[in-house]
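Enquirer: According to my numbering, the sequence shown holds residues 544 to 839 in order.
We treat Cβ as the ideally placed atom computed from N, Cα and C, and that holds for glycine.
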Amino acid sequence: MVRKVRRAAAELGYRPPASTGKAERRLVVGVLIPSITNPVFSSSLSSIENRMLIAGHGVLIAQSHYDPARELDAVSALLNEKPTGLILTLCSADRNSFPALPLPPTVLLHNRPTDRFPSAVTVDNFKAGRELAMLLRELGHERILFVSGSFIASDRARLRYEGYCQAMAETGLEPLRAMQIAFIGEYDMLDLGAAVADVRPTAIIASNDLLAFGVIAALRREGLSVPGDVSVAGFDGISLGRIMDPPLTTIEMPDVSMGAAAASLLLDIAENAAPDRHLEVGYSLRRGGTVRAISE
544 MVRKVRRAAA
554 ELGYRPPAST
564 GKAERRLVVG
574 VLIPSITNPV
584 FSSSLSSIEN
594 RMLIAGHGVL
604 IAQSHYDPAR
614 ELDAVSALLN
624 EKPTGLILTL
634 CSADRNSFPA
644 LPLPPTVLLH
654 NRPTDRFPSA
664 VTVDNFKAGR
674 ELAMLLRELG
684 HERILFVSGS
694 FIASDRARLR
704 YEGYCQAMAE
714 TGLEPLRAMQ
724 IAFIGEYDML
734 DLGAAVADVR
744 PTAIIASNDL
754 LAFGVIAALR
764 REGLSVPGDV
774 SVAGFDGISL
784 GRIMDPPLTT
794 IEMPDVSMGA
804 AAASLLLDIA
814 ENAAPDRHLE
824 VGYSLRRGGT
834 VRAISE
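(1) Count the other C-beta atoms from every protein chain shown that fall within 10 angstroms of the C-beta of R673, then say buried if there are 16 or more, exposed otherwise.
(2) Compute the distance between the beta-carbons of P661 and C634, then report whether it is under 8 Å.
(3) Taking the beta carbon of N581 as the centre, do at least 16 other beta carbons fall within 10 Å, making it buried, or is it exposed?
(4) Just reading off the alpha helix (DSSP H) that G784 is part of, what are its end residues?
(5) Out of M595, P790, N668, state which residue places its alpha-carbon closest to the alpha-carbon of A803.
(6) Taking D752 as part of the alpha helix (DSSP H), name the residues at either end of that continuous run.
(7) Residues in the same chain with beta-carbon distance under 7 Å from A636, minus the five sequence neighbours each way, listed in chain order, please.
(8) Under a Cβ-count criterion, where at least 16 other Cβ atoms within 10 Å of its own Cβ denotes burial, should A806 be classed as buried or exposed?
(9) Does the pairing of the region 599-619 with the region 730-743 give three or more beta-carbon distances under 8 Å?
(10) Taking the C-alpha atoms as reference points, what is the distance between F756 and P797?
(11) What did DSSP end up calling M796 once you bin it into helix, strand or coil?
(12) To the nearest angstrom, report how far apart L767 and F669 are at their CA atoms.
(13) How big is the Cα-Cα spacing for V545 and M801?
(14) Can you pull the DSSP bridge partners for F689?
(15) Nearest chain D C-beta to R655 closer than 8 Å, yes or no?
(16) Quick check: the Cα distance between A605 and H821, rounded to an integer number of angstroms?
(17) Determine the DSSP secondary structure at G736, reduced to helix, strand or coil.
(18) Given a cut-off of 8 Å, decide if V571 and P626 are closer than it, judged by their beta-carbon atoms.
(19) Could you give the residue range of the beta strand (DSSP E) that holds M511?
(20) Could you check where the alpha helix (DSSP H) with G573 kicks off and where it finishes?
(21) Nearest-angstrom Cα distance between P647 and A813?
(22) By Cβ distance, which residues of its chain are closer than 6 Å to A817, with the 5 residues on each side in sequence left out?
(23) What does the Cβ neighbour count give for L644, buried or exposed, with the cut at 16 atoms within 10 Å?
(24) Could you give the residue range of the alpha helix (DSSP H) that holds L603?
(25) With DSSP collapsed to three states, give me the class of R829.
(26) Where in the region 634-680 do unbroken runs of the alpha helix (DSSP H), each at least 4 residues long, occur, reported from the N-terminal end onward?
(27) To which residues of the same chain is G573 closer than 6 Å at the C-beta, ignoring the five residues directly before and after it?
(28) Just to confirm my understanding: we take E705, look at its own chain, exclude 5 residues before and 5 after, and list those with CB closer than 8 Å. What are they?
Structure, rendered in structure tokens:
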């Protein structure tokens with residue numbers, strides 16, 4: 544019964560009045576994301592803030608800028624505010640980034656759970672990478688290049704590439720080495736000249752939609768059309784991909800619902816002593832006009 548009352552109070556945002564006459568400490572949660580300029584993380588962050596507002600919590604935001612070395616400092620800064628809990632999107636959850644740092648209840652968002660962080664809200668990035676590559680294989684593509692942000696900076700990108708490798712192997716082809724670039728930079732200045740000349744790809748998979756836009760622009764600078772000469776697909780399903788011409792083929796991720804789920808899970812653990820758990824959310828393949836079948 545106590546747990547039920549606490550859960551109802553958390554959902555309604557009820558707080559008992561301070562009895563000491565002193566100002567009550569502001570309740571906050573800390574959120575670490577790679578970059579607030581990426582629509583994926585800003586969408587998740589917005590839903591986290593909305594959920595925490597209902598529960599009477601403020602939200603403190605820190606960014607790693609896709610730099611693993613900055614994660615420890617960012618989390619340490621969040622901990623200075625004594626948060627109720629943390630929601631973290633790490634460069635790589637497998638890396639032991641916080642070896643001796645005592646942490647409050649913590650939920651990973653977009654990272655798979657680990658022994659240190661058993662609570663997480665994710666999609667199956669490996670499966671999504673395989674499904675997208677399989678689509679291109681079914682359309683007759685054999686020379687499929689994977690263009691990605693650095694795997695050190697994103698285990699999501701690495702898992703998507705591993706799914707691509709699996710699809711290539713299952714269909715009897717040798718996967719191509721991924722072309723890795725920095726996440727922080729100008730995607731509109733991406734140079735694919737050497738890759739196009741060496742690989743002669745008929746299709747390119749980008750590890751996220753923003754990068755896919757940069758790939759399309761780079762191909763056009765090489766005098767190639769999309770999808771006439773090269774098919775292009777991405778991941779995330781951000782809204783800009785739907786309004787571009789032609790619309791982008793992409794794996795659509797439920798960023799808003801994932802953020803809300805992570806916030807609810809954290810509150811349940813922090814305030815109701817709920818057990819740690821891993822929530823895997825579904826994705827969808829959105830077929831746009833940037834891929835086409837090729838002739839034999």
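Expert: Quick answer:
(1) Locating residue 673 in the sequence shown gives position 130, counting from the first residue. It is buried - the Cβ of R673 has at least 16 other Cβ atoms within 10 Å.
(2) Looking up residue 661 in the sequence shown gives position 118. Looking up residue 634 in the sequence shown gives position 91. For P661 and C634, no; Cβs fall outside 8 Å.
(3) One-based indexing of the sequence shown puts residue 581 at position 38. With 16 or more other Cβ atoms within 10 Å, it is buried.
(4) Here residue 784 refers to the residue found at position 241 of the sequence shown. Looking at the DSSP string, the run of the alpha helix (DSSP H) that includes G784 is 783-786.
(5) Translated into positions along the sequence shown, residue 803 becomes position 260. Nearest C-alpha to A803: M595.
(6) Position 209 of the sequence shown, counted from the start, is the residue given in the question as residue 752. It spans 752-764 - the alpha helix (DSSP H) in which D752 sits, taken as one unbroken run.
(7) Looking up residue 636 in the sequence shown gives position 93. Excluding positions up to five away in sequence, the list reads L651, N654, R655, T657, F660, D698.
(8) To locate residue 806, count along the sequence shown from 1; it is residue 263. Buried: at least 16 other Cβ atoms inside 10 Å.
(9) no
(10) The residue you call residue 756 lines up with position 213 of the sequence shown. The residue you call residue 797 lines up with position 254 of the sequence shown. Between F756 and P797, the C-alpha separation is close to 20 Å.
(11) In the sequence shown, residue 796 corresponds to position 253, counting from 1. Correct three-state label for M796: coil.
(12) Position 224 of the sequence shown, counted from the start, is the residue given in the question as residue 767. Position 126 of the sequence shown, counted from the start, is the residue given in the question as residue 669. Cα to Cα, L767 sits roughly 30 Å from F669.
(13) Translated into positions along the sequence shown, residue 545 becomes position 2. Translated into positions along the sequence shown, residue 801 becomes position 258. Roughly 28 Å between the two C-alpha positions.
(14) By one-based count along the sequence shown, residue 689 stands at place 146. According to DSSP, F689 bridges with I748.
(15) Of the chains in the structure shown, none is chain D; there is only one protein chain.
(16) For this step, residue 605 is matched to residue 62 along the sequence shown. For this step, residue 821 is matched to residue 278 along the sequence shown. About 23 Å.
(17) Reading the sequence shown from its first residue, position 193 is the one you call residue 736. Residue state, collapsed to three classes: helix.
(18) Taking the first residue of the sequence shown as position 1, residue 626 is located at position 83. Taking the first residue of the sequence shown as position 1, residue 571 is located at position 28. Their beta carbons are under 8 Å apart, which means P626 touches V571 by this criterion.
(19) What the structure shows of the chain is the stretch from 544 to 839, and residue 511 is not part of that stretch, so it cannot be assessed.
(20) As a first step, residue 573 is located in the sequence shown; it is residue number 30 there, counting from the start. Element bounds for G573: not the alpha helix (DSSP H) but the beta strand (DSSP E), 571-576.
(21) What you label residue 647 is simply residue 104 of the sequence shown in a count that begins at 1. What you label residue 813 is simply residue 270 of the sequence shown in a count that begins at 1. Roughly 8 Å separates the two Cα atoms.
(22) The residue labelled residue 817 in the question sits at position 274 within the sequence shown. So the list reads D811, once near-sequence residues are dropped.
(23) The sequence position of residue 644 within the sequence shown is 101, counting from 1. Burial call: exposed.
(24) Position 60 of the sequence shown, counted from the start, is the residue given in the question as residue 603. Premise fails: L603 lies in the beta strand (DSSP E), 601-606, not in any alpha helix (DSSP H).
(25) Counting from 1 along the sequence shown, the entry for residue 829 is found at position 286. In this structure, R829 counts as strand in the three-state DSSP scheme.
(26) none
(27) Residue 573 sits at position 30 when you count from the first residue of the sequence shown. L603, L621, P626, L629.
(28) Reading the sequence shown from its first residue, position 162 is the one you call residue 705. Here the set comprises F669, G672.
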